[in-house]
Amino acid sequence: MLLDCVVIGGGPSGLSAGLVLGRARKNIMLFDEDKPRNAVTHESHGFITRDGIKPSEFKKVAKADLMKYPNISVHNQRVVDIRKENNYFLIYSADGNTYQSRKVILSTGLKDVLPSIQGINKFYGTSVFICPFCDGWELKDRALVVIGEDERIFHLTKLISNWSKDIIVCTNGNTVLTADQKQLLLSKKIVVNESEILSLEGIDGNLKRVLFKNGKEIVRDGGFMVTGLEQASPLAQKLGCLIKKNGGIDTDEFGRTSVEGVYASGDNSLSTSPQLITAASEGSKVASRVILDLIDEDF
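1 is the number of the first residue of the sequence shown in full-length UniProt numbering; add one for each residue after it.
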């Protein structure tokens, strides 16, 4: 059977896209490898009616919504390859099956590349986070560290100051702030420490101290960090989709990529904030565009 659309990715963007497509009477298939970016997170926040929900529970509820529609099928499988043939796509899954579809939505997400600091994985998702809109409330008014190795640390520090005024900025041996930026931070009583970090220390996922290679240390109750980002899936590159300088998939305002029939939704385009509700909205928007494009082709 020739499907109307295949959605690759079972995060909030892909699930939202699947629901909108299904309700538009499109025959669709959603593939979920179940390796979410927020796998380390115990709670998700900022999604109305679902504030504080566990990411696994969020996905369970969302999939139950999709399974109410007979024209939607969900496969817990990894897509290993996609090829375009004439006006449709061949989708190859890890279990050896092949599917045909007129359209493809890549909701494959991103991977965070953490700073190379001993112990950082112990606290990531528990007391050290990447998104203040997602987790800032839980760390409000605490003694925080902001860790980053490039110029993005200044913007993140400004954001964090909305939730706490007790901030120490650590650049891990890198000189990435201008003199004016340092002076502005100092005027806000934000300390800048450019020493190399040896390790993060704490108990049961709760950060307590940041140790430096010069033998000094600071006491902190939590923090945020700037991470590197890379595509979680190579499928966009395999299809020949144009990639932006920042590593995101290049799309127009409707999610269309440079390859006709291929769309991208969610944070893999690096054009939206990394929040569940934003990703879900993006999925809905892109799915609506796919539906309109299919109608235009068939009318």
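Every residue, glycine too, gets a C-beta built ideally from N, C-alpha and C.
Between the C-alpha atoms of residue 16 and residue 259 there is a straight-line separation of about 22 angstroms. In this structure, 246 is the residue among 291, 261, 285, 246 with its C-alpha nearest to the C-alpha of residue 271.
Here the segment 127-141 makes no contact with the segment 291-298; the two share fewer than three CB pairs at distances below 8 angstroms. Each residue's CA atom was taken as its position, placing residue 196 and residue 34 some 35 angstroms apart.
Residue 241 has no beta-bridge partner at all, per DSSP.
In the displayed model, residue 23 falls within a helix according to three-state DSSP. Note: residue 104 is bridge-paired with 6, 262 in the DSSP secondary-structure output.
Taking a contact to require three or more Cβ pairs closer than 8 angstroms, the segment 222-237 and the segment 98-113 qualify as touching.
In the DSSP assignment, residue 203 falls within the beta strand (DSSP E) that extends over 197-203. Taken through DSSP and simplified to helix, strand or coil, residue 138 comes out as helix. Rounded to the nearest whole angstrom, the CA to CA distance from residue 255 to residue 239 is 15 angstroms. Between residue 198 and residue 130, the alpha-carbon positions lie close to 20 angstroms from each other. For residue 58, DSSP records no beta bridge to any residue. The residues 197, in chain order, have a CB closer than 6 angstroms to that of residue 117 in the same chain once the five nearest residues on each side in sequence are set aside. Per the C-alpha coordinates, the member of 94, 174, 201, 204 positioned closest to residue 192 is 174. Residue state for residue 30 is assigned as strand, using DSSP reduced to three classes. In the structure shown, residue 288 falls within a helical segment according to DSSP collapsed to helix, strand and coil. Close CB contacts of residue 200 within its chain, under the 8 angstroms cut and outside five residues either way in sequence, are with 117, 118, 119, 120, 122, 123, 128, 207, 209, 210, 211 (chain order). The Cβ-Cβ distance between residue 94 and residue 80 falls below 8 angstroms.
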